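Going left to right, the sequence shown walks through residues 91 to 280 as the numbering used here numbers them. Every residue, glycine too, gets a C-beta built ideally from N, C-alpha and C. Quantities reported herein were computed from a predicted structural model and do not represent experimental measurements. Data block below; observations after.
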Amino acid sequence: MKFLKKTLAVCLMMTVLSFGFAAFAEEKTETLPLPCGVHFGMSLDELSALFGENAQIETWDDDAGTGAASMENVEIGLGDLTAENITFQADRNNSAGESRLSLISMGLPVGDNGIAAFRAALETLTGLYGEPDSDPFDESSVENYVENGDLSATWTKDDVRFTLNMSRMYGDTLTLYYSYRLNYDAEDLK
Numbered sequence: 091m092k093f094l095k096k097t098l099a100v101c102l103m104m105t106v107l108s109f110g111f112a113a114f115a116e117e118k119t120e121t122l123p124l125p126c127g128v129h130f131g132m133s134l135d136e137l138s139a140l141f142g143e144n145a146q147i148e149t150w151d152d153d154a155g156t157g158a159a160s161m162e163n164v165e166i167g168l169g170d171l172t173a174e175n176i177t178f179q180a181d182r183n184n185s186a187g188e189s190r191l192s193l194i195s196m197g198l199p200v201g202d203n204g205i206a207a208f209r210a211a212l213e214t215l216t217g218l219y220g221e222p223d224s225d226p227f228d229e230s231s232v233e234n235y236v237e238n239g240d241l242s243a244t245w246t247k248d249d250v251r252f253t254l255n256m257s258r259m260y261g262d263t264l265t266l267y268y269s270y271r272l273n274y275d276a277e278d279l280k
């Protein structure tokens, strides 16, 4: 009987731990990592304080607290991705009219082969965020590449949409954009 009680206790403990680890994993995937440890909603002042002398701060309107923080040749904290240039835009494009980070844009290094660089960045981002909204190498994507020299992958999440884009027009470029999706309140419409 003691053996049965111990076995049941161990099974119960394993079940509880499994649920705990599953809940932790779900919680972790809901908070998407953003470049350089930022989060949407940060003000220009908060971005300036975070980056210090490492960023060039451009102020568009002192009273509104709008502008951008820019850096060059920086590890962005997403796998081994680095940005040749990265810009964090804080604007008042929101219902509250407050200075908030709403857009992140960056140029990634291409090296000798833009397609290989796209595939490597795609692999890193897929590992972090899951599969993109559609296959960047499906039939219509291949047709677009043949016509325009572009490859693109987009991820749409509850609060952010981001796009990895490679273009071969006038030379290979690789860009990554994050845009915040919760700028305006539905209550505005009532």
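Pairing L264 with V200 gives a Cβ-Cβ distance under 8 Å. Here the C-alpha atom of L171 lies approximately 21 Å from the C-alpha atom of F227.
G261 sits exposed, since fewer than 16 C-beta atoms from the chains shown fall within 10 Å of its C-beta. According to the DSSP assignment, S230 belongs to the alpha helix (DSSP H) that extends over 229-238. With a cutoff of 8 Å on beta-carbon distance, R182 and A154 are scored as near each other. Within its own chain, the residues whose Cβ lies closer than 8 Å to the Cβ of D225, once the five positions on either side in sequence are excluded, are S231, listed in chain order. DSSP, read as helix, strand or coil, puts Y260 in coil. Comparing alpha-carbon positions, the option among F178, W150, I147 lying closest to M132 turns out to be F178. Closest in alpha carbon position to N175, among D275, N144, D135, is N144. For M161 against F130, the beta-carbon gap comes to about 18 Å, at or over 8 Å, which does not count as contact.
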